[in-house]
Amino acid sequence: MGLDFILDELKSLKDHALMREYKTIESAQGPYVQINGKSYLSFCSNNYLGLADHPKIKQAAIAAINQYGWGIGASRLVAGNMILHQELEKKIAEFKSTEAALLFPTGYMANVGAVCALVGREDIIIGDKLNHASIIDGCRQSGATFRVYPHNNTSQLESLLQRSSKYRRRMVVTDSVFSMDGDTAPLPEIVEITQKYDAILMVDDAHATGVFGQHGKGMIEHYRLEGKIDIIMGSLSKAIGSIGGFIAGSKHLIDFLKNKARSFIYTTALPPAACAASLAGLTLIQEDTSLIDKLWENVRYLKTQLSEFISNISAESPIIPIIIGSAEDALNLSTRLYENGILIPAIRPPTVPLGTSRLRISLMATHSKEDINRLINTLKPQMAQIAQKVTI
Ligand SMILES: Cc1ncc(COP(=O)(O)O)c(C=O)c1O
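If you want it as structure tokens, here you go:
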């Protein structure tokens, strides 16, 4: 009795190839990482521009530690609001073309905090079926009626909005780039529909920030939707190479969240050095878009190479999934790649629906053509061995 159920559940996870375990990285995050003293070519990081280990970002963090120390010791509203938080929020607002922005310790907390602050029992929140777990958790915790529409199905979204006039507030929430499929939401259409029904629109731009748009400002820049999205969420932990999450929007929205978002209010502020690193990351992107160009060059190259032996490769973003099917097959393939010095963990349920376990390849600007060729040369014979027809 007591905690005995844990052993049963762990056994069941192992039996179904669903046990999650992590590898321990002994080096900086880059295209190559060291594990157990051996070098592995990594295709599983959200460090899209390779900034996590960029000299300018490291220098900025070190300088901030020297000036402000490391820890904060308080939440923003108590005594943890430092000058670098303010500077970073100003920079994010400018980057996202909004009036203001608010930092959260992580993107996860930004999503949960914003959703729970904005909707409650009298409201409805409508989201894409493949939205990120942090949005789903926010929707569930908010107490609002929560409905999902089939992935990217805007006519179903519209029909849910049509049938939701009895609610006090109606909010629509979608990822701009879907984290496990790498495809993108039809944002212009979603904007039009939400405006038609006078609903609030929240967009999670975590994987588009630093990647999409001519200046890396995200999907809002890509589609020229400045001023048309009520709530823009983003993460500083992916292409920006740092840590933290944010909400960008009107000044009123930000003032409201400062007062109502529990995951902002009841937690210690980000360390100033993390803010300095994010500021440096955003500045780097603003000053030089060549890393973004290189990232997209890699996406196009990998797509061409993969398409030669896998049908229907969709490469709308640097996240390129190869759907395998069963968790066991995906895990076996990942293990064989690992034995050949390539790191791509298998993504399995509950992160993705049953029967769609996959390898989620993610590319970085710092991958070379030789790195991509090595992936292809290792993957190709392994894929040939998988009897099941592979579809994306
Ligand atoms: C779409 C999406 N939203 C939000 C998050 C959470 O961001 P963070 O890692 O900064 O907590 C992630 C991260 O995995 C994500 O993929």
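Per my numbering, the sequence shown starts with residue -1, numbered consecutively. Note that the Cβ used here is the ideal one computed from N, Cα and C, for glycine as well.
To the nearest angstrom, how far is the alpha carbon of residue i from that of residue j?
{"i": "residue 231", "j": "residue 328", "result": "31 angstroms"}
{"i": "residue 249", "j": "residue 98", "result": "5 angstroms"}
{"i": "residue 173", "j": "residue 129", "result": "6 angstroms"}
{"i": "residue 214", "j": "residue 238", "result": "10 angstroms"}
{"i": "residue 161", "j": "residue 132", "result": "26 angstroms"}
{"i": "residue 466", "j": "residue 8", "result": "This structure cannot speak to residue 466, because the chain is shown only from -1 to 390."}
{"i": "residue 388", "j": "residue 305", "result": "Low per-residue confidence applies at residue 388: pLDDT is 47, beneath 50, and the placement is therefore not dependable, though the value from the model is reported in the following sentence. C-alpha separation (whole angstroms): 12 angstroms."}
{"i": "residue 156", "j": "residue 340", "result": "43 angstroms"}
{"i": "residue 311", "j": "residue 236", "result": "23 angstroms"}
{"i": "residue 209", "j": "residue 46", "result": "8 angstroms"}
{"i": "residue 380", "j": "residue 35", "result": "25 angstroms"}
{"i": "residue 285", "j": "residue 93", "result": "12 angstroms"}
{"i": "residue 268", "j": "residue 26", "result": "21 angstroms"}
{"i": "residue 82", "j": "residue 299", "result": "39 angstroms"}
{"i": "residue 0", "j": "residue 20", "result": "27 angstroms"}
{"i": "residue 314", "j": "residue 234", "result": "21 angstroms"}
{"i": "residue 176", "j": "residue 182", "result": "6 angstroms"}
{"i": "residue 354", "j": "residue 66", "result": "47 angstroms"}
{"i": "residue 12", "j": "residue 4", "result": "12 angstroms"}
{"i": "residue 350", "j": "residue 64", "result": "43 angstroms"}
{"i": "residue 107", "j": "residue 151", "result": "27 angstroms"}
{"i": "residue 164", "j": "residue 136", "result": "22 angstroms"}
{"i": "residue 57", "j": "residue 105", "result": "24 angstroms"}
{"i": "residue 220", "j": "residue 33", "result": "37 angstroms"}
{"i": "residue 197", "j": "residue 184", "result": "17 angstroms"}
{"i": "residue 38", "j": "residue 77", "result": "43 angstroms"}
{"i": "residue 347", "j": "residue 179", "result": "14 angstroms"}
{"i": "residue 110", "j": "residue 241", "result": "17 angstroms"}
{"i": "residue 390", "j": "residue 224", "result": "Its pLDDT being 44, under 50, residue 390 is placed unreliably in this model, and the value from its coordinates should be taken loosely. Straight-line Cα distance between these residues: approximately 32 angstroms."}
{"i": "residue 134", "j": "residue 124", "result": "10 angstroms"}
In terms of residue numbering, what span does the beta strand (DSSP E) encompassing residue i cover?
{"i": "residue 357", "result": "355 to 360"}
{"i": "residue 23", "result": "Element bounds for residue 23: n/a, residue is neither H nor E."}
{"i": "residue 319", "result": "317 to 323"}
{"i": "residue 126", "result": "122 to 126"}
Specify the secondary structure class of residue i as computed by DSSP and reduced to three states.
{"i": "residue 342", "result": "coil"}
{"i": "residue 37", "result": "strand"}
{"i": "residue 196", "result": "coil"}
{"i": "residue 141", "result": "coil"}
{"i": "residue 287", "result": "coil"}
{"i": "residue 1", "result": "coil"}
{"i": "residue 148", "result": "coil"}
{"i": "residue 168", "result": "strand"}
{"i": "residue 350", "result": "coil"}
{"i": "residue 104", "result": "coil"}
{"i": "residue 99", "result": "strand"}
{"i": "residue 10", "result": "helix"}
{"i": "residue 73", "result": "strand"}
{"i": "residue 458", "result": "Residue numbering for the chain in the displayed model covers -1 to 390; residue 458 lies beyond these limits and cannot be assessed."}
{"i": "residue 390", "result": "Because residue 390 sits at a pLDDT of 44, beneath the cut-off of 50, its placement in the model cannot be relied upon, and the following sentence gives the value as read from the coordinates. Correct three-state label for residue 390: coil."}
{"i": "residue 30", "result": "strand"}
{"i": "residue 364", "result": "coil"}
{"i": "residue 265", "result": "coil"}
Within 9 angstroms of any Cβ in chain C, is that where the Cβ of residue i sits?
{"i": "residue 82", "result": "Judged by its chain identifiers, the structure shown contains no chain C, having just a single protein chain."}
Could you tell me the boundaries of the alpha helix (DSSP H) in which residue i lies?
{"i": "residue 250", "result": "249 to 258"}
{"i": "residue 372", "result": "367 to 383"}
{"i": "residue 15", "result": "No alpha helix (DSSP H) holds residue 15; DSSP gives it neither H nor E."}
{"i": "residue 85", "result": "81 to 93"}
{"i": "residue 60", "result": "53 to 66"}
>> As an exercise, report each continuous beta strand (DSSP E) stretch of at least 3 residues that is fully enclosed by the region 177 to 247, in chain order.
In response: 198 to 202, 229 to 233, 243 to 247
> With contact counted as at least three CB pairs below 8 angstroms, one residue from each stretch, are the region 347 to 366 and the region 284 to 301 in contact?
Replying inline: yes
> Three or more beta-carbon pairs under 8 angstroms between the region 65 to 73 and the region 259 to 270, yes or no?
Replying inline: yes
> Would you call the region 352 to 361 and the region 303 to 322 in contact, with 3 or more CB pairs under 8 angstroms?
Replying inline: yes
> Contact between the region 192 to 204 and the region 222 to 230: three or more CB pairs below 8 angstroms?
Replying inline: yes
>> Check whether the region 81 to 89 and the region 275 to 291 touch, using three or more Cβ-Cβ pairs below 8 angstroms as the test.
In response: yes
>> Assess contact between the region 102 to 120 and the region 137 to 154, defined as three or more Cβ pairs (one per stretch) separated by less than 8 angstroms. Is contact present?
In response: yes
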